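Peer 1:
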Amino acid sequence: MKKVLLGFLLLHFSANAQLKAVTYKDANQTLNGFASQPKKPNAEKSGILILPAWMGIDNHSKEVAQQLSDLGYHAFVADIYGEGNYPASTKDAGQQAGYYKNNVADYQRRIQLALNELIKSGANKDKIVVIGYCFGGTGALEAARGGMNVQGVVSFHGGLGKAEDRLVATIQPKVLVLHGADDPFVPEKEIIAFQKEMRDAKADWQMIYYAGAVHSFTNKSAGTDNSRGAAYNELADKRSFQHFLTFVKEVL
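My numbering numbers the first residue of the sequence shown as 1067 and each following residue consecutively.
1) If we call anything under 8 Å between Cβ atoms a contact, is residue 1208 one with residue 1178?
2) What is the DSSP secondary structure of residue 1091, reduced to helix, strand or coil?
3) Quick check: what's the CA-CA separation for residue 1187 versus residue 1258?
4) Where residue 1098 and residue 1122 are concerned, what is the direct C-alpha to C-alpha distance, given to the nearest angstrom?
5) Starting from the C-beta of residue 1184, find all residues in its chain whose C-beta is less than 6 Å away, skip the five residues before and the five after it, and write them out in chain order.
6) Run through DSSP, which three-state label would residue 1168 get?
7) Out of 1288, 1195, 1269, which one is the CA nearest neighbour of residue 1131?
8) Enumerated in chain order, which unbroken segments of the beta strand (DSSP E) with a length of 3 residues or greater are wholly contained in the stretch 1264-1310?
9) Where does residue 1081 sit, in a helix, a strand or coil, going by DSSP?
10) I'd like to confirm something about residue 1172: is its beta-carbon nearer than 7 Å to some heavy atom of the ligand FMN, or not?
11) Alpha carbon to alpha carbon, how far is residue 1159 from residue 1310? Give it in angstroms, no decimals.
12) Under 8 Å by Cβ, that's how I've got residue 1181 and residue 1214 pegged, so tell me the actual separation to the nearest angstrom.
13) Between the C-alpha atoms of residue 1022 and residue 1280, what's the straight-line distance to the nearest angstrom?
14) Under three-state DSSP, which class holds residue 1071?
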(Lines of atoms letter the chains of each structure in order from A and count residues from 1; the text may use other names and numbers.)
(Lines give C-alpha, C1' and ligand atoms only; values in the text may rest on other atoms or scores of the structure.)
Protein backbone atom coordinates (compact mmCIF):
# COMPACT_ATOMS: atom_id res chain seq x y z
CA MET A 1 0.00 0.00 0.00
CA LYS A 2 2.85 2.38 0.88
CA LYS A 3 4.51 1.68 -2.48
CA VAL A 4 1.26 2.44 -4.32
CA LEU A 5 0.84 5.72 -2.40
CA LEU A 6 4.47 6.70 -3.01
CA GLY A 7 4.06 5.97 -6.73
CA PHE A 8 0.95 8.15 -6.88
CA LEU A 9 2.71 11.04 -5.13
CA LEU A 10 5.74 10.79 -7.39
CA LEU A 11 3.51 10.71 -10.48
CA HIS A 12 1.55 13.72 -9.25
CA PHE A 13 4.75 15.64 -8.47
CA SER A 14 6.22 14.82 -11.87
CA ALA A 15 3.10 16.03 -13.66
CA ASN A 16 3.34 19.38 -11.88
CA ALA A 17 7.12 19.64 -11.55
CA GLN A 18 7.35 22.74 -13.73
CA LEU A 19 4.49 24.57 -12.01
CA LYS A 20 5.44 27.39 -9.66
CA ALA A 21 3.02 29.01 -7.24
CA VAL A 22 2.98 32.78 -7.69
CA THR A 23 1.45 35.22 -5.20
CA TYR A 24 0.47 38.64 -6.53
CA LYS A 25 -1.86 41.46 -5.51
CA ASP A 26 -4.90 43.47 -6.55
CA ALA A 27 -4.70 46.31 -4.02
CA ASN A 28 -5.16 44.49 -0.67
CA GLN A 29 -6.48 41.29 -2.25
CA THR A 30 -3.98 38.42 -2.41
CA LEU A 31 -4.11 36.35 -5.61
CA ASN A 32 -2.52 32.92 -6.03
CA GLY A 33 -1.70 31.86 -9.57
CA PHE A 34 0.60 29.28 -11.15
CA ALA A 35 3.39 29.79 -13.67
CA SER A 36 4.72 27.01 -15.87
CA GLN A 37 8.13 27.46 -17.42
CA PRO A 38 9.13 25.65 -20.63
CA LYS A 39 12.34 23.67 -20.47
CA LYS A 40 12.99 24.73 -24.05
CA PRO A 41 11.04 27.91 -24.87
CA ASN A 42 10.19 28.62 -28.49
CA ALA A 43 12.23 31.31 -30.21
CA GLU A 44 9.54 33.96 -29.70
CA LYS A 45 9.09 33.15 -25.98
CA SER A 46 5.35 33.01 -26.60
CA GLY A 47 2.99 32.98 -23.65
CA ILE A 48 -0.46 31.52 -22.93
CA LEU A 49 -2.64 32.95 -20.16
CA ILE A 50 -5.15 30.39 -18.83
CA LEU A 51 -8.44 31.52 -17.26
CA PRO A 52 -10.05 28.69 -15.27
CA ALA A 53 -13.71 27.67 -15.10
CA TRP A 54 -16.12 28.96 -12.46
CA MET A 55 -14.79 26.83 -9.58
CA GLY A 56 -11.44 28.61 -9.88
CA ILE A 57 -7.99 27.09 -10.39
CA ASP A 58 -8.35 23.33 -10.74
CA ASN A 59 -6.31 20.32 -11.82
CA HIS A 60 -7.46 20.76 -15.42
CA SER A 61 -6.10 24.30 -15.74
CA LYS A 62 -2.81 23.22 -14.15
CA GLU A 63 -2.54 20.24 -16.49
CA VAL A 64 -3.11 22.52 -19.50
CA ALA A 65 -0.34 24.83 -18.25
CA GLN A 66 2.01 21.87 -17.93
CA GLN A 67 1.09 20.59 -21.38
CA LEU A 68 1.69 23.99 -22.95
CA SER A 69 5.06 24.40 -21.28
CA ASP A 70 6.02 20.98 -22.64
CA LEU A 71 5.25 22.43 -26.08
CA GLY A 72 7.59 25.37 -25.47
CA TYR A 73 5.16 28.04 -24.23
CA HIS A 74 5.31 30.11 -21.07
CA ALA A 75 1.99 29.58 -19.29
CA PHE A 76 0.23 31.21 -16.36
CA VAL A 77 -2.98 30.13 -14.61
CA ALA A 78 -4.87 33.20 -13.37
CA ASP A 79 -6.53 33.53 -9.99
CA ILE A 80 -9.64 35.64 -10.56
CA TYR A 81 -11.38 35.29 -7.18
CA GLY A 82 -8.50 35.76 -4.76
CA GLU A 83 -7.60 34.31 -1.38
CA GLY A 84 -10.57 33.90 0.93
CA ASN A 85 -13.06 33.92 -1.94
CA TYR A 86 -12.61 30.48 -3.46
CA PRO A 87 -15.96 28.70 -4.08
CA ALA A 88 -16.82 25.76 -1.86
CA SER A 89 -19.83 24.78 -3.98
CA THR A 90 -21.37 25.37 -7.37
CA LYS A 91 -23.73 27.84 -5.70
CA ASP A 92 -20.74 29.85 -4.48
CA ALA A 93 -19.14 29.58 -7.91
CA GLY A 94 -22.28 30.88 -9.57
CA GLN A 95 -22.34 33.90 -7.28
CA GLN A 96 -18.64 34.65 -7.77
CA ALA A 97 -18.72 34.20 -11.53
CA GLY A 98 -21.93 36.20 -11.75
CA TYR A 99 -20.30 39.13 -9.98
CA TYR A 100 -17.45 39.32 -12.50
CA LYS A 101 -19.74 38.88 -15.48
CA ASN A 102 -21.76 41.86 -14.25
CA ASN A 103 -18.70 43.89 -13.24
CA VAL A 104 -16.53 43.48 -16.30
CA ALA A 105 -14.07 46.22 -15.31
CA ASP A 106 -13.12 44.16 -12.24
CA TYR A 107 -12.88 40.99 -14.36
CA GLN A 108 -10.70 42.71 -16.94
CA ARG A 109 -8.45 44.13 -14.22
CA ARG A 110 -7.88 40.68 -12.69
CA ILE A 111 -7.09 39.30 -16.15
CA GLN A 112 -4.62 42.12 -16.83
CA LEU A 113 -2.87 41.51 -13.49
CA ALA A 114 -2.44 37.83 -14.39
CA LEU A 115 -1.20 38.88 -17.83
CA ASN A 116 1.43 41.03 -16.12
CA GLU A 117 2.60 37.99 -14.13
CA LEU A 118 2.87 35.92 -17.31
CA ILE A 119 5.15 38.58 -18.78
CA LYS A 120 7.20 38.73 -15.57
CA SER A 121 7.71 34.97 -15.82
CA GLY A 122 9.50 35.41 -19.16
CA ALA A 123 6.83 35.60 -21.87
CA ASN A 124 7.22 38.10 -24.70
CA LYS A 125 4.62 40.84 -24.08
CA ASP A 126 3.86 40.97 -27.81
CA LYS A 127 3.40 37.20 -28.26
CA ILE A 128 0.53 36.22 -25.98
CA VAL A 129 -2.76 34.35 -26.37
CA VAL A 130 -5.47 34.21 -23.68
CA ILE A 131 -7.53 31.03 -23.33
CA GLY A 132 -10.37 30.21 -20.99
CA TYR A 133 -12.79 27.45 -20.04
CA CYS A 134 -16.51 28.07 -19.34
CA PHE A 135 -16.47 31.19 -17.11
CA GLY A 136 -12.84 31.62 -18.18
CA GLY A 137 -13.94 31.47 -21.81
CA THR A 138 -16.10 34.52 -21.14
CA GLY A 139 -13.00 36.12 -19.64
CA ALA A 140 -10.95 35.42 -22.76
CA LEU A 141 -13.54 37.34 -24.77
CA GLU A 142 -13.40 40.15 -22.20
CA ALA A 143 -9.65 40.38 -22.76
CA ALA A 144 -10.39 41.06 -26.43
CA ARG A 145 -13.24 43.46 -25.66
CA GLY A 146 -10.99 45.30 -23.21
CA GLY A 147 -8.33 45.95 -25.82
CA MET A 148 -5.57 44.08 -24.01
CA ASN A 149 -2.24 43.68 -25.76
CA VAL A 150 -2.72 40.06 -26.82
CA GLN A 151 -2.61 38.52 -30.28
CA GLY A 152 -5.51 36.16 -29.85
CA VAL A 153 -8.16 34.82 -27.48
CA VAL A 154 -9.74 31.36 -27.32
CA SER A 155 -12.98 30.43 -25.58
CA PHE A 156 -13.60 26.76 -24.77
CA HIS A 157 -17.36 26.26 -24.14
CA GLY A 158 -17.58 29.77 -22.68
CA GLY A 159 -20.44 32.19 -22.30
CA LEU A 160 -20.62 34.63 -25.21
CA GLY A 161 -22.95 37.31 -23.95
CA LYS A 162 -22.41 40.86 -22.77
CA ALA A 163 -24.73 43.62 -21.57
CA GLU A 164 -26.74 45.03 -24.45
CA ASP A 165 -25.96 48.63 -23.45
CA ARG A 166 -22.19 48.17 -23.70
CA LEU A 167 -20.60 49.93 -26.63
CA VAL A 168 -18.99 47.76 -29.29
CA ALA A 169 -15.38 48.77 -29.90
CA THR A 170 -13.04 47.50 -32.60
CA ILE A 171 -11.50 44.18 -31.55
CA GLN A 172 -7.85 43.77 -32.50
CA PRO A 173 -6.97 40.28 -31.17
CA LYS A 174 -8.03 37.35 -33.30
CA VAL A 175 -10.91 35.40 -31.76
CA LEU A 176 -11.57 31.65 -31.71
CA VAL A 177 -14.71 30.22 -30.10
CA LEU A 178 -14.84 26.43 -29.57
CA HIS A 179 -18.44 25.55 -28.88
CA GLY A 180 -20.54 22.49 -28.09
CA ALA A 181 -23.24 22.27 -30.76
CA ASP A 182 -25.78 21.07 -28.16
CA ASP A 183 -24.75 23.41 -25.30
CA PRO A 184 -28.03 24.33 -23.53
CA PHE A 185 -26.44 27.08 -21.45
CA VAL A 186 -25.66 29.32 -24.43
CA PRO A 187 -28.98 30.12 -26.15
CA GLU A 188 -29.26 30.81 -29.86
CA LYS A 189 -30.12 34.45 -29.13
CA GLU A 190 -26.76 34.87 -27.36
CA ILE A 191 -24.88 33.24 -30.24
CA ILE A 192 -26.54 35.50 -32.81
CA ALA A 193 -25.80 38.60 -30.71
CA PHE A 194 -22.18 37.54 -30.29
CA GLN A 195 -21.68 37.00 -34.00
CA LYS A 196 -23.20 40.40 -34.74
CA GLU A 197 -20.86 41.92 -32.16
CA MET A 198 -17.86 40.35 -33.87
CA ARG A 199 -18.95 41.73 -37.24
CA ASP A 200 -19.63 45.18 -35.81
CA ALA A 201 -16.25 45.10 -34.04
CA LYS A 202 -14.56 44.19 -37.35
CA ALA A 203 -12.95 41.24 -35.58
CA ASP A 204 -11.06 38.39 -37.22
CA TRP A 205 -13.13 35.62 -35.63
CA GLN A 206 -13.88 31.94 -35.98
CA MET A 207 -16.48 29.73 -34.31
CA ILE A 208 -16.26 25.96 -34.43
CA TYR A 209 -19.11 23.69 -33.35
CA TYR A 210 -18.62 20.12 -32.07
CA ALA A 211 -21.43 17.66 -32.78
CA GLY A 212 -22.90 15.90 -29.76
CA ALA A 213 -21.04 18.15 -27.33
CA VAL A 214 -22.67 20.13 -24.52
CA HIS A 215 -21.22 22.50 -21.93
CA SER A 216 -17.90 21.61 -20.21
CA PHE A 217 -16.87 19.17 -22.95
CA THR A 218 -13.18 19.43 -21.92
CA ASN A 219 -13.86 18.65 -18.25
CA LYS A 220 -13.26 14.97 -17.49
CA SER A 221 -14.87 15.31 -14.07
CA ALA A 222 -18.19 16.44 -15.62
CA GLY A 223 -19.28 12.87 -16.40
CA THR A 224 -20.66 11.80 -19.77
CA ASP A 225 -24.41 12.32 -19.33
CA ASN A 226 -25.37 14.97 -21.91
CA SER A 227 -28.86 15.25 -20.41
CA ARG A 228 -27.35 17.21 -17.51
CA GLY A 229 -26.26 19.93 -19.95
CA ALA A 230 -22.60 19.69 -18.96
CA ALA A 231 -20.56 16.60 -19.82
CA TYR A 232 -17.13 15.50 -21.01
CA ASN A 233 -16.75 14.64 -24.69
CA GLU A 234 -13.42 13.04 -25.52
CA LEU A 235 -13.58 13.68 -29.25
CA ALA A 236 -14.58 17.33 -28.83
CA ASP A 237 -11.87 17.75 -26.20
CA LYS A 238 -9.14 16.43 -28.52
CA ARG A 239 -10.42 18.26 -31.59
CA SER A 240 -10.75 21.58 -29.77
CA PHE A 241 -7.21 21.39 -28.41
CA GLN A 242 -5.85 20.77 -31.89
CA HIS A 243 -7.89 23.66 -33.28
CA PHE A 244 -6.49 25.82 -30.49
CA LEU A 245 -2.88 24.82 -31.29
CA THR A 246 -3.40 25.57 -34.98
CA PHE A 247 -4.81 28.98 -34.07
CA VAL A 248 -1.87 29.75 -31.76
CA LYS A 249 0.67 28.90 -34.44
CA GLU A 250 -1.14 31.20 -36.86
CA VAL A 251 -1.45 34.24 -34.60
CA LEU A 252 1.95 33.97 -32.94
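Each residue gets a CB set at the ideal place from its N, CA and C atoms; glycine is no exception.
Here the structure is a predicted model, which is why all the values come from computation and not from measurement.
Peer 2: In brief:
1) no
2) strand
3) 38 Å
4) 11 Å
5) 1113, 1115, 1142
6) helix
7) 1195
8) 1271-1276
9) Confidence at residue 1081 is low in this model, with a pLDDT of 46, below 50, so its placement is unreliable and no value can be given for it.
10) The ligand FMN is absent from the structure shown, which contains no ligand whatsoever.
11) If you take the alpha carbons of residue 1310 and residue 1159, they lie about 26 Å apart.
12) With a Cβ gap of about 6 Å, residue 1181 and residue 1214 count as contacting.
13) In this structure the chain extends from 1067 to 1318, so residue 1022 is not present and cannot be described.
14) In this predicted model, residue 1071 has a pLDDT of only 36, less than 50, meaning its place in the structure is not dependable enough to derive any value.
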